[in-house]
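In full-length UniProt numbering, the protein residues as written are 1 to 434. Idealized CB from N, CA, C, for every residue including glycine. None of the values given here were measured: they were computed from a predicted structure. Step one of this worksheet: look at the structure below.
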Amino acid sequence: MELGKISPIIINLLKTVENFALTAFLQGILGASSMALGALIAVAWQPGRKFLAAVMAFGSGTLMAAIALEIASAVYRSGGVLVLVGGFLLGGILFISLSKYIDEQGGFLRKPAASRRYVVEHKMLESHELVDYLAHSEVMNALPEQERHQLAGLLTPHHAYPREVLCREGDQGDYFYFIGGGEADVYKGTTWVNRLTSGDIFGEMSLLTGEPRSATVVAVTPMELYQLDKENFANILSQSPHLALALSRKLARRLQSATDFEAIVPPEDKVSVLEPLVEGDRQMLAKLAQSSAPMAILVGTLFDNIPEAMVIGMNTNVTPWGGAFLFAVFISNFPEALSSSFGMKQAGISNRRILTLWFGAVVASGLIAMVGYSIGQGGTLLLVAVAQAIAGGGILAMLASTMMPEAYELGGSSVAYATIIGFLAGFLISASHF
Numbered sequence: 001m002e003l004g005k006i007s008p009i010i011i012n013l014l015k016t017v018e019n020f021a022l023t024a025f026l027q028g029i030l031g032a033s034s035m036a037l038g039a040l041i042a043v044a045w046q047p048g049r050k051f052l053a054a055v056m057a058f059g060s061g062t063l064m065a066a067i068a069l070e071i072a073s074a075v076y077r078s079g080g081v082l083v084l085v086g087g088f089l090l091g092g093i094l095f096i097s098l099s100k101y102i103d104e105q106g107g108f109l110r111k112p113a114a115s116r117r118y119v120v121e122h123k124m125l126e127s128h129e130l131v132d133y134l135a136h137s138e139v140m141n142a143l144p145e146q147e148r149h150q151l152a153g154l155l156t157p158h159h160a161y162p163r164e165v166l167c168r169e170g171d172q173g174d175y176f177y178f179i180g181g182g183e184a185d186v187y188k189g190t191t192w193v194n195r196l197t198s199g200d201i202f203g204e205m206s207l208l209t210g211e212p213r214s215a216t217v218v219a220v221t222p223m224e225l226y227q228l229d230k231e232n233f234a235n236i237l238s239q240s241p242h243l244a245l246a247l248s249r250k251l252a253r254r255l256q257s258a259t260d261f262e263a264i265v266p267p268e269d270k271v272s273v274l275e276p277l278v279e280g281d282r283q284m285l286a287k288l289a290q291s292s293a294p295m296a297i298l299v300g301t302l303f304d305n306i307p308e309a310m311v312i313g314m315n316t317n318v319t320p321w322g323g324a325f326l327f328a329v330f331i332s333n334f335p336e337a338l339s340s341s342f343g344m345k346q347a348g349i350s351n352r353r354i355l356t357l358w359f360g361a362v363v364a365s366g367l368i369a370m371v372g373y374s375i376g377q378g379g380t381l382l383l384v385a386v387a388q389a390i391a392g393g394g395i396l397a398m399l400a401s402t403m404m405p406e407a408y409e410l411g412g413s414s415v416a417y418a419t420i421i422g423f424l425a426g427f428l429i430s431a432s433h434f
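Structural data, given as structure tokens:
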């Protein structure tokens, strides 16, 4: 063949490659663009829990169908059972391990589910230290080891400053307190009654009787307090006869000496709740957020989207500008970014940083999709199958550890219907290409 005829062929081939690479980039941008949309909405408005749950469940169902029909089936045809099973398992292991490492570096704020998981694990580690710290408490020492750790896991830390009103006479009781350190004075009206120190407790009488607090407690020095809310107090009291006995002895001595000084934290001093986190976790989360690295949050956000963007890029030649997988990624990214952005906002991260984070993730997803396209073009069928299997396992791990649990927590059992509808939608879109 003459050189003059070969040159146009090469040029056309290069143009085709460039066009597909650009297509992969744009598809990556398109799939991730809903993250930017979710972040924009979150900085100005918070949608209802049911809405978030429904969209998240719908996206989860669509992703599951797309994974089964567009990833798992392709891997099985190209690489066989071993590649399918091994790749998916490896992808899941890598995702969970790296996700845990990123959380420990401060990236746990990128998603509410990651935030809750990190807070729970952090509290479990602290419970052992807290048991030792409160060992001088008569009530804590009266409990068996297992019940000590159970109680410690339910306590919420609170730092009080001098002259801070911890409890106010006449208010309804919602909390029971352990004093870990510091001192506080007890007043009946304007009359000084007693001084509380490390190891003392207060607030339990009002929770037991339902009567208003009978005294006011004011911090004298900086204090470390640990509070237990009414619901958890009732639950653990019904399960622990040792705690009931210890409290009875404490109350008997107190009544005998006429120093009944129960009180409550006033409304302005209560620890608020970060939805959708569990009761009492916001204070801990805000404290942890101060040490979280913005770069870790960024890396964590990109990490969560790498498997999806890679698959989008590798599928560019197969389903250009179509396919259930691209549709599912777009749908699933929206509620995740929306809820994550709101959680970051509540943790004190500025709107500017939130928007920069998500818009940067959108652009990065496009670049990752181009990398995926390059692997699909330059690699062997076996290499592509392995890469797709690992990515598929990572996406399934993400669904199981974040999206699906959060959808259920926000919407309850009703999310099953949205998940089924999403799965059917993904199946029908994928089936239309076969």
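Quiz prompt | Best match in 57, 39, 30 for proximity to residue 418 [C-alpha to C-alpha] | solution = The shortest Cα separation from residue 418 among 57, 39, 30 belongs to 57.
Exercise. Give the single residue among 200, 212, 155, 147 whose Cα lies nearest to the Cα of residue 173.
Key: Ranking 200, 212, 155, 147 by CA distance to the CA of residue 173 puts 212 first.
Self-check item: Reduced DSSP secondary structure (H/G/I, E/B, other) of residue 45
Solution: In this structure, residue 45 counts as coil in the three-state DSSP scheme.
Self-check item: Nearest residue (CA-CA) to residue 155, options 171, 231, 221, 66
Solution: When each option's Cα is compared against that of residue 155, the closest is 231.
Quiz item: Between residue 392 and the rest of its own chain, which residues show a CB-CB distance below 8 Å, the 5 nearest in sequence each way excluded?
Solution: If we look at residue 392 and ignore the five residues flanking it on each side, its Cβ neighbours are 67, 71, 72, 75, 87, 88, 91, 307, 311.
Quiz item: What does residue 181 pair with, by DSSP beta-bridge criteria?
Solution: Answer is 224, bridged to residue 181.
Practice problem: Would you kindly check if the distance between the Cβ of residue 328 and the Cβ of residue 23 is under 9 Å? | Solution: Their beta carbons are not under 9 Å apart, which means residue 23 does not touch residue 328 by this criterion.
Practice problem: Going by DSSP, name the residue or residues bridged to residue 157. | Solution: According to DSSP, residue 157 bridges with 226.
Practice problem: Could you please give the first and the last residue of the uninterrupted beta strand (DSSP E) stretch that includes residue 402? | Solution: That residue, residue 402, is in no beta strand (DSSP E); it is neither H nor E in DSSP.
Quiz item: When the Cβ atoms of the stretch 395-405 are set against those of the stretch 34-42, are three or more pairs found closer than 8 Å?
Solution: Segments in contact, no.
Exercise. Indicate the three-state DSSP secondary structure (helix, strand or coil) for residue 429 in the structure shown.
Key: Three-state DSSP puts residue 429 in a helix.
Quiz item: For residue 334 versus residue 59, is the C-beta spacing smaller than 9 Å?
Solution: Yes, the pair counts as a contact, with Cβ atoms nearer than the cut-off.
Exercise. Determine the direct distance from the alpha carbon of residue 415 to that of residue 350, and round the result to whole angstroms.
Key: Here the alpha carbon of residue 350 sits roughly 32 Å from the alpha carbon of residue 415.
Quiz item: Which of the three DSSP states, helix, strand or coil, is assigned to residue 219?
Solution: Taken through DSSP and simplified to helix, strand or coil, residue 219 comes out as strand.
Quiz prompt | Exposure label - residue 192; buried when at least 16 CB within 10 Å | solution = Burial call: exposed.
Practice problem: Using the Cα positions of residue 278 and residue 224, report the straight-line distance between them to the nearest angstrom. | Solution: Its pLDDT being 39, under 50, residue 278 is placed unreliably in this model, and the value from its coordinates should be taken loosely. Taking the straight line from one Cα to the other gives about 22 Å.
Practice problem: Identify the continuous beta strand (DSSP E) that holds residue 191 and give its terminal residues. | Solution: 191-196 is the span of the beta strand (DSSP E), which, as asked, contains residue 191.
Quiz item: Got a sec, what are the start and stop residues for the alpha helix (DSSP H) residue 355 sits in?
Solution: 351-378 is the span of the alpha helix (DSSP H), which, as asked, contains residue 355.
Quiz item: Quick one: Cα of residue 32 to Cα of residue 159, how far?
Solution: Taking C-alpha positions only, residue 32 is separated from residue 159 by approximately 41 Å.
Exercise. Evaluate residue 152 with the Cβ neighbour count: other Cβ atoms within 10 Å of its Cβ, from every protein chain shown; 16 or more gives buried, anything less gives exposed.
Key: So residue 152 counts as buried.
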